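Notes follow the structure.
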Amino acid sequence: GKRQGMITQCGLPITSLKDYLKYKKQGKKFVGQSYLFWEFIRLIKELKPTYFFLENTKMSKDNMDIITKELKVQPVLINSSLVSAQNRERWYWTNLPGFKMPKDKGLKFSDLIPGAVSSGYRGRKLKGDNFYTRLYTKRTDDKANCLVTKPDSTNLYDIKGKIRKVPIDIAEQLQTWPKGYTNVPGVSTRAKYEMIGNGWTVDVISNFLKCANKK
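Numbering (this note's numbering), first residue to last: 104 to 318.
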């Protein structure tokens, strides 16, 4: 999104649960979905769970420091490319014991679609410009672009110059979901992409959850 961080719509910064609860009581509106973090903190303080687990995309250092301070654990950066054929960097905070980094399985996008190269259109500032230019790019590491909820621009692939959108069953496999997992009657193709793009990479999460039985 706009990555404006933890602020209200009128620009007030939110740096503590006290700030959030005060602004919420005052009926203030919040930018994006960052306020959900403070709901997460509120629930931890109220419910006092044995374990907690939080995932987020890459962000500014200021916001990372706020999350780390509240949760009192250091985050770990994991790229889903270790366990899948998708490039997907995420930060994780948890107090689960005995975590070890997943081993690299060496999976390739071309294993799922033979001869395919992941591609997409991205806005970039060219040298000397103060505006973004939409450029078509191809990956060179045989991984897929990070799956998003609206895949029409970035979740594409190229086979001998023919550009196509990554199909649902391939997107499921890139998230290490069972093939056909979203094949539910009445669920539209658009909704399936949204579920997959908003979801977790299962094999990354299961690597964390294995630790819950070690304490």
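The beta carbon of each residue, even a glycine, is placed where N, CA and C say it ideally should be. Small disclaimer: the values here were computed from a predicted structure and weren't measured.
In the three-state DSSP reduction, residue 259 falls in the strand class (E or B).
In chain order, 222, 223, 225 place their CB closer than 7 angstroms to the CB of residue 240, counting only its own chain and leaving out the 5 sequence neighbours on each side.
Assigned with DSSP and collapsed to three states, residue 233 falls in coil, not helix or strand. For residue 143, the enclosing alpha helix (DSSP H) has its first and last residue at 138 to 150. Of the residues assessed, residue 258 falls on the buried side of the cut-off, its CB having 16 or more other CB atoms within 10 angstroms. Residue burial is scored here from C-beta neighbours: residue 200 has fewer than 16 other C-beta atoms within 10 angstroms and is therefore classed as exposed. Per DSSP, residue 242 lies in no alpha helix (DSSP H) and is assigned neither H nor E. Sixteen is the threshold: since fewer than 16 other Cβ atoms of the shown chains lie within 10 Å of the Cβ of residue 179, the residue is exposed.
Nearest Cα to residue 260 within the set 313, 231, 128, 217: 217.
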